[in-house]
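Visitor: Quick one: structure below, then a few questions.
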Amino acid sequence: MQNVYTVAQVNSYIKNMFTQDYMLQSIMVKGEISNCKYHSSGHIYFTLKDAKGTIACVMFAANRRGLAFRMTEGQQVVVSGSVDVYERDGKYQLYAREIRLDGAGQLYERYEQLKRELEERGMFAAQYKQPIPKYIRTLGVVTAVTGAAVRDIINIAGRRNPYVQIILYPAIVQGEAAVPSIVSGIHALERMGVDTMIVGRGGGSIEDLWAFNEEAVAQAIFDCSIPIISAVGHETDTTIADFVADLRAPTPSAAAELAVCDVEQLQDKLAEYAYTLQHMFRRVISRYRQAAEHYGVRLHYLSPVNRIRTKRTQVLSLEEHLQSAMENRLRDSRHRLELYVQQMKGLSPLDKLNQGYAYTADAGGQTVTSVDQVAVGDCLTVYVKDGRLTARIMDKHRETAGY
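For the sequence shown, position 287 (counting from the first letter as 1) is numbered 284 according to our numbering, and the numbering increases by one without interruption.
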């Protein structure tokens, strides 16, 4: 009787067959990625296909550390791993241990690896970037002598500043000889002492631009003492040289604009600065002139001559005031004296004498004002207006009051 097997037994048998096949345990399969899914667990599930078939693939999270890029739909890759059977579903699949891009993808993988290495060495660090001079006299260019790149650089640089001297090093920018040619060009222009250097070429495929992704070119750019502007390909192209250079330009034309200043704009700016400077000078001069006039007035006011003149004027004024006060005082005193004179004249005995009155004094010189002061026979002296008389009392009589 024929043996009957369970599904699990069959799947286990087939899995054992796959395990014993040495070729399936270490195989490299090339194809296009499809249905790629990154699982939250870290595993990657995808399908590898070509024109005639497909195969299911999985890369476990433990093997993802060697994956240098993020997988997307349509990428051509080479998957290294083993083909085995998943017993539960009875399906075979490719268990990927390593995945790398095929063709141009290999170059991209090399590009990413070198980029990581140079970045770890600090060659992309901002502190090593040299500033691009704003105004230059000589511009060095390392590029092919033919092609649109050199024409664009010459045309734009000449239009912006015809006084800038352009020194071209005709380098090979594609193929096996490109790397030593570019490196030699950088060294030659550095020895000539140009002010700024443009290193680059026109657009192309990654293979065409590969010379600018080589370590030797990156090292030459990093070691160069002249500021270097990288201008490789079109705006979307990015090379190792772009990261190492002191400045990246999206195109050779843009590199010429970054390296060479616009003379007309500079002249306009200088004219604006000159106008602003003259205006500021006029304002400053006017301010200092006003200050000088102010100080002149103060100096005139505070000068010894002016102060002496002022004091002299004050002295004259005080003198006039004193003289006026003295005259007023004399006038008042003279007036009062006249009053006193009049008063004295009213009280003066001489005045009374002039009016016919006489002044009588006894022998002792005492004024006689009463009959009781003298006796009959006494001698008296009578003073009149023009002299004196000596008299003797012959008789005396007392007058009654009211007489």
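All C-beta atoms, glycine included, are put in the ideal place defined by N, C-alpha and C.
Which whole-angstrom value is the C-beta distance of leucine 115 and glutamate 106, which I expect to be below 8 Å?
Guide: If you number the sequence shown from 1, residue 115 lands on position 118. If you number the sequence shown from 1, residue 106 lands on position 109. Actually they do not touch by this definition, with Cβ atoms about 15 Å apart.
Visitor: From Asn60, Arg67 and Val26, pick the residue whose C-alpha is nearest to that of glycine 50; which is it?
Guide: Mapped onto the sequence shown, residue 50 falls at position 53. It is Val26.
Visitor: Taking all protein chains shown into account, do 16 or more other C-beta atoms lie within 10 angstroms of the C-beta of glutamine 340, making it buried, or fewer, making it exposed?
Guide: Within the sequence shown, the letter at position 343 stands for residue 340. When all chains shown are included, glutamine 340 counts as exposed.
Visitor: Measure the beta-carbon distance from alanine 238 to valine 170 and round it to whole angstroms, keeping in mind my assumption that it falls under 8 Å.
Guide: Counting from one through the sequence shown, the residue named residue 238 turns up at place 241. Counting from one through the sequence shown, the residue named residue 170 turns up at place 173. That belief does not hold up - the Cβ atoms of alanine 238 and valine 170 are roughly 11 Å apart, past 8 Å.
Visitor: Please report the distance separating the alpha-carbon of tyrosine 125 from that of proline 224.
Guide: Locating residue 125 in the sequence shown gives position 128, where the first residue counts as 1. Locating residue 224 in the sequence shown gives position 227, where the first residue counts as 1. Tyrosine 125 and proline 224: Cα-Cα distance of roughly 11 Å.
Visitor: In the DSSP assignment, find the unbroken beta strand (DSSP E) run with glutamate 95 in it and report its ends.
Guide: Within the sequence shown, numbered from 1, the residue matching residue 95 stands at position 98. Taken as a continuous stretch (DSSP letters only), the beta strand (DSSP E) holding glutamate 95 covers 88 to 98.
Visitor: Can you give me the Cβ contacts of glutamine 363 inside the same chain, cut-off strictly under 8 Å, excluding the 5 residues immediately before and after it?
Guide: Residue 363 sits at position 366 when you count from the first residue of the sequence shown. Same-chain partners within the cutoff: Gln370.
Visitor: Given this structure, state the Cα-to-Cα distance separating arginine 395 from serine 367, to the nearest angstrom.
Guide: Counting from 1 along the sequence shown, the entry for residue 395 is found at position 398. Counting from 1 along the sequence shown, the entry for residue 367 is found at position 370. Going from the Cα of arginine 395 to the Cα of serine 367 covers about 9 Å.
Visitor: If you draw a straight line from the alpha carbon of proline 247 to that of glycine 63, how long is it in whole angstroms?
Guide: Your numbering for residue 247 matches position 250 in the sequence shown. Your numbering for residue 63 matches position 66 in the sequence shown. Proline 247 and glycine 63: Cα-Cα distance of roughly 32 Å.
Visitor: For arginine 157, which residues of its own chain have a beta-carbon under 8 Å away from its beta-carbon, when the five flanking residues on both sides are left out?
Guide: As a working note, residue 157 is residue 160 in the sequence shown. These residues qualify, in order along the chain: Ala253, Glu254, Val257, Cys258, Asp259 and Val260.
Visitor: How would you call glycine 361, buried or exposed, if buried means at least 16 neighbouring beta carbons within 10 angstroms?
Guide: Along the sequence shown, one-based indexing puts residue 361 at 364. When all chains shown are included, glycine 361 counts as exposed.
Visitor: Is the CB-CB distance between serine 178 and glutamate 84 below 8 Å?
Guide: Along the sequence shown, read from residue 1 onward, the residue named residue 178 stands at position 181. Along the sequence shown, read from residue 1 onward, the residue named residue 84 stands at position 87. No; because the gap between Cβ atoms is not below 8 Å, this pair is not in contact.
Visitor: With a threshold of 6 Å on Cβ separation, who are the neighbours of glycine 137 within its own chain once the five nearest residues in sequence on each side are excluded?
Guide: Sequence index remark: in the sequence shown, residue 137 carries index 140 (1-based). Answer for glycine 137: Ile164, Leu186, Val191 and Met194, listed in chain order.
Visitor: Going by other Cβ atoms of all chains shown within 10 Å of its Cβ, with 16 needed for buried, is methionine 14 buried or exposed?
Guide: Against the sequence shown, residue 14 aligns to sequence position 17. Under this definition methionine 14 is an exposed residue.
Visitor: From Lys112, Gly172 and Pro130, pick the residue whose C-alpha is nearest to that of alanine 65; which is it?
Guide: As a position in the sequence shown, residue 65 is number 68, starting the count at 1. When only C-alpha atoms are compared, the closest one is Lys112.
Visitor: Please classify glutamine 287: is it buried, with 16 or more other beta-carbons within 10 angstroms of its beta-carbon, or exposed?
Guide: Against the sequence shown, residue 287 aligns to sequence position 290. Its Cβ having fewer than 16 others within 10 Å, glutamine 287 is exposed.
Visitor: Please classify aspartate 18: is it buried, with 16 or more other beta-carbons within 10 angstroms of its beta-carbon, or exposed?
Guide: By one-based count along the sequence shown, residue 18 stands at place 21. With fewer than 16 Cβ atoms within 10 Å of its Cβ, aspartate 18 is classed as exposed.
Visitor: Relative to the C-alpha of glutamine 127, which candidate in Ser38, Ile218 and Gly78 has its C-alpha closest?
Guide: In the sequence shown, counting from the first residue as 1, residue 127 sits at position 130. Measuring from the Cα of glutamine 127, the nearest candidate turns out to be Ile218.
Visitor: Terminal residues of the continuous alpha helix (DSSP H) containing serine 9?
Guide: Stepping through the sequence shown from its first residue, residue 9 is reached at position 12. Counting along the chain, the alpha helix (DSSP H) containing serine 9 begins and ends at 4 to 17.
Visitor: Along the beta strand (DSSP E) that carries glutamine 401, what are the first and last residues, could you check?
Guide: Limits of the chain in this structure are -2 at one end and 400 at the other, which puts residue 401 out of reach.
Visitor: What are the start and end residues of the beta strand (DSSP E) that includes isoleucine 164?
Guide: Translated into positions along the sequence shown, residue 164 becomes position 167. That run of the beta strand (DSSP E) goes 162 to 167.
Visitor: Here's the rule: buried if 16 or more other CB atoms are within 10 angstroms of the residue's CB, otherwise exposed. What is glutamate 211?
Guide: The residue given as residue 211 occupies position 214 in the sequence shown. Result: buried.
Visitor: For threonine 143, which option in Ala168, Val379, Thr235 and Ile11 has the closest C-alpha, if you only look at C-alpha atoms?
Guide: Residue 143 sits at position 146 when you count from the first residue of the sequence shown. Here the closest residue by C-alpha is Ala168.
Visitor: For threonine 250, which residues of its own chain have a beta-carbon under 7 Å away from its beta-carbon, when the five flanking residues on both sides are left out?
Guide: Within the sequence shown, numbered from 1, the residue matching residue 250 stands at position 253. According to the sequence shown, residue 250 is serine rather than threonine. For serine 250, where only same-chain residues beyond five positions count, the Cβ hits under 7 Å are Asp149 and Ile153.
Visitor: In terms of alpha-carbon separation, which member of Gln275, Tyr270, Asp47 and Phe43 lies closest to phenylalanine 57?
Guide: As a working note, residue 57 is residue 60 in the sequence shown. It is Phe43.
Visitor: Isoleucine 195 by DSSP, collapsed to three states: which one?
Guide: Position 198 of the sequence shown holds residue 195. Strand.
Visitor: In or out: aspartate 47 buried (at least 16 other Cβ within 10 Å) or exposed?
Guide: For this step, residue 47 is matched to residue 50 along the sequence shown. Flag for aspartate 47 reads exposed.
Visitor: Can you find the residues in the same chain that come closer than 7 Å, C-beta to C-beta, to asparagine 303, ignoring five residues on each side of it along the sequence?
Guide: To locate residue 303, count along the sequence shown from 1; it is residue 306. His297.
Visitor: What is the DSSP secondary structure of methionine 189, reduced to helix, strand or coil?
Guide: Counting from one through the sequence shown, the residue named residue 189 turns up at place 192. In this structure, methionine 189 counts as helix in the three-state DSSP scheme.
Visitor: Quick one: residues in its chain with C-beta nearer than 7 Å to the C-beta of tyrosine 92, no 5 flanking neighbours on either side, listed in chain order?
Guide: For this step, residue 92 is matched to residue 95 along the sequence shown. Correct list, in chain order: Val55, Gly78, Ser79 and Asp81.
Visitor: Are valine 176 and alanine 208 touching if we call contact CB-CB under 8 Å?
Guide: Here residue 176 refers to the residue found at position 179 of the sequence shown. Here residue 208 refers to the residue found at position 211 of the sequence shown. Yes. Within cutoff.
Visitor: Nearest to asparagine 139 by alpha carbon, out of Val214, Arg326, Lys131 and His332?
Guide: In the sequence shown, the residue the question calls residue 139 occupies position 142. Looking at the sequence itself, residue 139 is valine, so the reference to asparagine does not match. Taking only the C-alpha atoms, the option nearest valine 139 is Val214.
Visitor: Drop a sphere of 10 angstroms on the beta-carbon of tyrosine 400, count the other beta-carbons inside from all chains shown, and report buried for 16 or more, exposed for fewer.
Guide: On the sequence shown, residue 400 is found 403 positions in, with the first residue counted as 1. Any reading at tyrosine 400 must be qualified, since the residue scores a pLDDT of 46, below 50, and its modelled position is unreliable; the value itself is stated next. So tyrosine 400 counts as exposed.
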